[in-house]
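Have a look at the structure below, then the notes.
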Amino acid sequence: QVQLVESGGGLVQAGGSLRLSCAASGSISSISAMGWYRQVPGNERDFVATIISDGGSTSYADSVKGRFTISRDNAKNTVYLQMNSLKPEDTAVYYCYAREKYGSVSWGQGTQVTVSS
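According to the numbering used here, the residues represented by the sequence shown are 505 to 621, in order.
In structure tokens:
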């Protein structure tokens, strides 16, 4: 099983930047992909970005392409989400996830990102 701990959320003005971190522990070798979703109260959890363990390919939601960058530090078992040019509509709780090779998915506790206009 994989455990995930997120950090880096907060309050920022529109146009600003934040970097989220997600540290993984446990069954690290079983992870096939990690990434981020976000959720606004009353809405479904939406995909933001993912990075594949084998090769490091990335993909992004259209709404964040060109503004957000996902990356990883394998030595630290940590995935990052660099968020630039933030908009008020980026306000949400951001959740880190890890998908294991056999299909199971683990989630972090979530971190609040608030972008003021």
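Where is the CB? At the ideal position from N, CA and C, for every residue including glycine.
Residue span of the beta strand (DSSP E) that contains residue i, given as start and end
| i | result |
| --- | --- |
| Asp577 | 572–577 |
| Gln613 | Element bounds for Gln613: n/a, residue is neither H nor E. |
| Ala537 | 535–543 |
| Ala527 | 522–530 |
| Gly514 | 514–517 |
Whole-angstrom distance between residue j and residue i, CA atom to CA atom
| i | j | result |
| --- | --- | --- |
| Leu590 | Glu548 | 21 Å |
| Gln507 | Thr595 | 25 Å |
| Lys605 | Asn581 | 16 Å |
| Ser536 | Val609 | 10 Å |
| Val568 | Val552 | 7 Å |
| Glu593 | Ser533 | 35 Å |
| Asn588 | Asp558 | 26 Å |
| Ser575 | Ile555 | 7 Å |
Three-state secondary structure assigned by DSSP to residue i
| i | result |
| --- | --- |
| Glu593 | helix |
| Ser608 | coil |
| Val568 | coil |
| Ser511 | strand |
| Ser563 | strand |
| Ser557 | coil |
| Ser620 | strand |
Those residues which DSSP pairs with residue i across a bridge
| i | result |
| --- | --- |
| Gly546 | Gly546 is not bridged to any residue. |
| Tyr584 | Ser525, Ser575 |
| Val552 | Beta-bridge pairing links Val552 to no other residue. |
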